[in-house]
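Q: Dropping the structure in here first, questions after.
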Amino acid sequence: MDDLAPARFDQASAAPKRAAALGRLKLLEAGRWHPPFDSRPAARFIAVRGRAGVGKSTVAANLAIALAGLRSRVVLIDLDLRHPTQHELFGIAAPVSGLQALLHDQIETMEQALTPTSVRNLHLVSGEGGTAIHGGVADVEQQRRLLAQIWELDADVVIADVGTDSGGDLVDLFEMGAMRLVVAAPDARSIGRAYNLFKEQVVREIDYVSGGTGEGSLLLAALQDPDAKPMQELLARITSKPNLRAALEQALQSFGGWLIGNQVRTSADADLVHATSRLIA
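Numbers 1447 to 1727, taken from our numbering, label the letters of the sequence shown in order.
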């Protein structure tokens, strides 16, 4: 984790204000689960993303180790169901049955999925373990049950290592209550992909909050315009549903994350990462 650049993240108003008990999820008209905007004093949730080859999993592991060293109770969850690697990074040849087993009812509780590591205060929930399921696919109800257990973990910090091709409700709903970290190497291709990841997350945030409403669809369409207006101007157009506009404003104000420059070796590399963080902000 060589360089850290902030990108639109307000620690005082972010994840803790937005994480909610998944048992109170509401099924919106779009047919998707969505957490209400209630406060929930609980663990800090961190989602680590990045494209293949930038050291995303290594960053997630190092962050978990560093926080555990500060006496925080840390759980590191490998949310890459297709190619989980965290157990290998920690030298664990046979992890306890993890996410696959939980998703498919081979074990009952998240506590049964915790694998101790050699680092004090740090436990791992591997994507390995249990009977392998083709493609790591899980339906919405399975994901909902899993997330309910993740959000109720007895921990100070829960870190999710998100797979490069992971998506759907499992990841999207976790990120709704999480600090987002996007890892990038200091090259144009990696930086471009990191920028697109942030953009995709903003679009998904709006999509979930708006719940498939006509106003939400119009807002998303306007954002795709190459000459899109500023966000505040677009939100001001939502006059018929003030509650929806307020929810969108709250979500976007607390949305944010960190761009992490990994594999940074020169001052020019660092300058590129910082310039990108200003662009994202």
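Don't be surprised by glycine CBs; every beta carbon is placed ideally from N, CA and C.
This one's a predicted model, so the numbers in the text were calculated from it and none came from an experiment.
1) Taking VAL1565 and GLY1544 to be in contact with their CB atoms under 8 Å, please state how far apart those CB atoms are, rounded to whole angstroms.
2) With three or more C-beta pairs closer than 8 Å as the rule, is the stretch 1487 to 1507 touching the stretch 1700 to 1710?
3) Is it the case that the Cβ atoms of PHE1536 and THR1504 are separated by a distance below 8 Å?
4) Which one or two residues does DSSP pair with ILE1492 in a beta bridge?
5) Quick one, which of GLY1609, ILE1726, LEU1568 has its alpha-carbon nearest LEU1599's?
6) May I have the straight-line CA-CA distance separating ASN1797 from VAL1520, to the nearest angstrom?
7) Quick one: measure Cβ to Cβ for GLY1573 and PRO1530, integer angstroms, because I've assumed they're closer than 8 Å.
8) In chain order, what residues of the same chain lie with their CB nearer than 6 Å to the CB of LEU1718, ignoring the 5 residues before and after it?
9) How would you label ARG1711, buried or exposed, when you count the other beta carbons within 10 angstroms and need 16 or more for buried?
10) If I measure Cβ to Cβ from GLU1475 and keep anything under 8 Å in the same chain, skipping five residues before and after, which residues do I get?
11) CB-CB under 8 Å to TYR1641, same chain, minus the five flanking residues each way: which ones, in chain order?
12) Which two residues bound the contiguous alpha helix (DSSP H) that contains ASP1653?
13) With DSSP as the reference, identify every bridge partner of ILE1523, one or two as the case may be.
14) Considering only their Cβ atoms, is the gap separating ASP1526 from ASP1607 smaller than 8 Å?
15) I need the DSSP call for PRO1688, collapsed to helix, strand or coil.
16) Measure the C-alpha to C-alpha separation of ALA1559 and ALA1540 and round it to an integer number of angstroms.
17) In whole angstroms, what is the alpha-carbon distance linking LEU1549 and GLU1557?
A: Taking the structure as given:
1) Contact doesn't hold; Cβ gap of about 17 Å is too wide.
2) Yes, since at least three Cβ pairs between the stretch 1700 to 1710 and the stretch 1487 to 1507 fall closer than 8 Å, the two stretches touch.
3) No.
4) According to DSSP, ILE1492 bridges with ILE1605, MET1625.
5) Checked all of GLY1609, ILE1726, LEU1568; the closest Cα to LEU1599 is LEU1568.
6) Limits of the chain in this structure are 1447 at one end and 1727 at the other, which puts residue 1797 out of reach.
7) Contact check for GLY1573 and PRO1530: beta-carbon distance about 3 Å, within the 8 Å limit, so the pair qualifies.
8) Taken in chain order, the residues that qualify are PRO1632.
9) ARG1711 should be labelled exposed.
10) The predicted position of GLU1475 is uncertain, since its pLDDT is 39 and thus under 50; a value taken from the coordinates is nonetheless stated next. These residues qualify, in order along the chain: GLY1657, GLY1658, THR1659.
11) Result list for TYR1641: THR1722, LEU1725, ILE1726, in chain order.
12) That run of the alpha helix (DSSP H) goes 1634 to 1656.
13) The partner list for ILE1523 (beta bridge, DSSP) reads VAL1571, ALA1606.
14) Their beta carbons are under 8 Å apart, which means ASP1607 touches ASP1526 by this criterion.
15) Three-state DSSP puts PRO1688 in a helix.
16) Taking the Cα positions, ALA1559 is about 12 Å away from ALA1540.
17) LEU1549 and GLU1557: Cα-Cα distance of roughly 14 Å.
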